[in-house]
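Peer 1: Take any residue in the sequence shown, note its place counting from 1, add 72, and you have its number in this note's numbering.
C-beta atoms are modelled at their ideal positions from N, C-alpha and C, and glycine is treated no differently.
Being a predicted model, the structure only gives us computed values, none of them experimental.
Here you go, one structure.
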Amino acid sequence: MRKLIVANYKMNGDEKFYSLVTKKLNKLALKDARFVLCPPFVYLSKFKKHIKSGELGIQNISAFDFGAHTGEISHQMLKEFGVRYVIIGHSEVRSSGETDELIAKKVKIACGHDMIPIICVGEDKNSGLELIKSQVEKAIQYIDNSSKIIFAYEPIWAIGTKVTPTSEEIKTVVDNIKLTLEKLGFKDVPVLYGGSVNKDTYKHCLNSGCDGLLVGGASLNLDEFIEILKGVDNYE
């Protein structure tokens with residue numbers, strides 16, 4: 073399986089930065105790795121017009137089709153910009169009050185309109201595998217096993233820090249996520265790892281057997297992100 077690298081730019085960058093992103097990444101030739109770029113909504117048009125490599129994603133989606141939902145962005149609006157992937161349930165959004173039920177509805181919306189959700193799950197230091205199992209089960213409660221989905225394991229205690237779990241710790245959770253999915257009839261679902269991924273840790277993370285990486289802060293350093301992409305492309 074080709075490794076997938078997802079860049080989550082969060083609420084960062086400006087027009088100049090994203091112009092440079094498209095310019096440099098268009099020159100990048102990868103054989104085995106593939107990547108998805110998730111910029112803020114307001115810069116989607118920049119990517120639609122100029123990006124020639126990689127695929128386009130977004131950082132969130134509305135749980136509604138349309139209507140009086142101030143500030144929300146619908147699946148139809150996103151698809152007009154060529155968005156195929158959507159991050160759902162990121163820990164930063166969960167911490168703002170997003171519930172498992174709302175996440176499940178967003179997953180249903182995405183899958184029902186030919187978009188691929190990247191569903192984030194993760195634990196803090198006071199919880200463990202049972203919480204992650206519960207997050208997985210609840211996230212997919214409204215879809216069937218014909219849906220295309222991706223999961224991303226992001227330990228809350230590692231995001232935005234310089235702390236990275238051991239390869240064995242990551243593997244334990246990744247294997248648990250896949251086992252939970254298989255028991256529910258979802259086979260061969262890719263599971264990414266995210267949490268303080270950078271040029272110094274990405275190989276260590278890949279050694280866990282995950283199917284790719286969700287990159288946050290390091291994606292803002294374009295040279296570093298390209299180094300990660302090239303390294304993953306040559307990873308054995």
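Enumerated in chain order, which unbroken segments of the alpha helix (DSSP H) with a length of 4 residues or greater are wholly contained in the region 190-278?
Peer 2: With a minimum length of 4 residues, the continuous alpha helix (DSSP H) runs that stay inside the region 190-278 are 201-211, 239-255 and 274-278.
Peer 1: In the DSSP output, what is L108 paired with across the bridge?
Peer 2: Sequence index remark: in the sequence shown, residue 108 carries index 36 (1-based). Here the sequence assigns Val to residue 108, which means Leu is not the residue at that position. Its beta-bridge partners are V78 and E127.
Peer 1: Roughly how many angstroms lie between the CA atoms of L264 and E241, to the nearest whole one?
Peer 2: If you number the sequence shown from 1, residue 264 lands on position 192. If you number the sequence shown from 1, residue 241 lands on position 169. Straight-line Cα distance between these residues: approximately 14 Å.
Peer 1: State whether the region 94-103 contacts the region 141-157, with contact taken as three or more CB pairs (one from each stretch) at a distance under 8 Å.
Peer 2: Because the criterion of three Cβ pairs below 8 Å is not met, the region 94-103 and the region 141-157 do not touch.
Peer 1: DSSP has V16 in a bridge; who is on the other side?
Peer 2: The requested residue 16 does not occur in the structure, where the chain is confined to residues 73 to 308.
Peer 1: What is the DSSP secondary structure of G284, reduced to helix, strand or coil?
Peer 2: Locating residue 284 in the sequence shown gives position 212, where the first residue counts as 1. Three-state DSSP puts G284 in a strand.
Peer 1: Give the DSSP-derived three-state secondary structure of A182 in the structure shown.
Peer 2: In the sequence shown, the residue the question calls residue 182 occupies position 110. Helix, per DSSP.
Peer 1: Residues in its own chain within less than 6 Å of K75 by CB, not counting five upstream and five downstream?
Peer 2: Counted from its first residue, the sequence shown places residue 75 at position 3. The residues are A105, G284 and V304.
Peer 1: Answer yes or no: do A176 and Q207 have a C-beta to C-beta separation smaller than 7 Å?
Peer 2: The residue you call residue 176 lines up with position 104 of the sequence shown. The residue you call residue 207 lines up with position 135 of the sequence shown. Contact: no.
Peer 1: Which of helix, strand or coil does DSSP assign to A290?
Peer 2: Locating residue 290 in the sequence shown gives position 218, counting from the first residue. Three-state DSSP puts A290 in a helix.
Peer 1: Nearest by alpha-carbon distance to A79: which of I228, D272, K210 and V158 is it?
Peer 2: Taking the sequence shown and counting its residues from 1, one reaches residue 79 at position 7. It is V158.
Peer 1: For the alpha helix (DSSP H) that E164 lies in, which residues bound it at each end?
Peer 2: Here residue 164 refers to the residue found at position 92 when the sequence shown is read from its first residue. Its alpha helix (DSSP H) spans residues S163 to R166.
Peer 1: Would you call the region 214-230 in contact with the region 243-251, where contact means no fewer than 3 C-beta pairs closer than 8 Å?
Peer 2: Short answer: they touch.
Peer 1: Under 7 Å, do I160 and L301 count as touching if we go by C-beta distance?
Peer 2: Indexing the sequence shown from 1 puts residue 160 at position 88. Indexing the sequence shown from 1 puts residue 301 at position 229. Not in contact: I160 and L301 (Cβ atoms no closer than 7 Å).
Peer 1: When DSSP labels each residue in this structure, what does G303 get in the three-state scheme?
Peer 2: For the purposes of this step, residue 303 is identified with residue 231 of the sequence shown, where counting begins at 1. DSSP places G303 in helix when its eight states are reduced to three.
Peer 1: So, for G129: in the same chain, excluding its five sequence neighbours on each side, which residues have a beta-carbon less than 8 Å away from its beta-carbon?
Peer 2: What you label residue 129 is simply residue 57 of the sequence shown in a count that begins at 1. Answer for G129: V78, V108, L109, C110, V155, R156, Y157, V158, I159 and I190, listed in chain order.
Peer 1: Please work out which residues of its chain come closer than 6 Å, Cβ to Cβ, to N279, disregarding the five sequence neighbours upstream and downstream, and give them in chain order.
Peer 2: Residue 279 sits at position 207 when you count from the first residue of the sequence shown. Closer than 6 Å at Cβ, skipping near neighbours: S239.
Peer 1: Grouping DSSP H, G and I as helix and E and B as strand, with all else coil, what is L102?
Peer 2: For the purposes of this step, residue 102 is identified with residue 30 of the sequence shown, where counting begins at 1. Coil.
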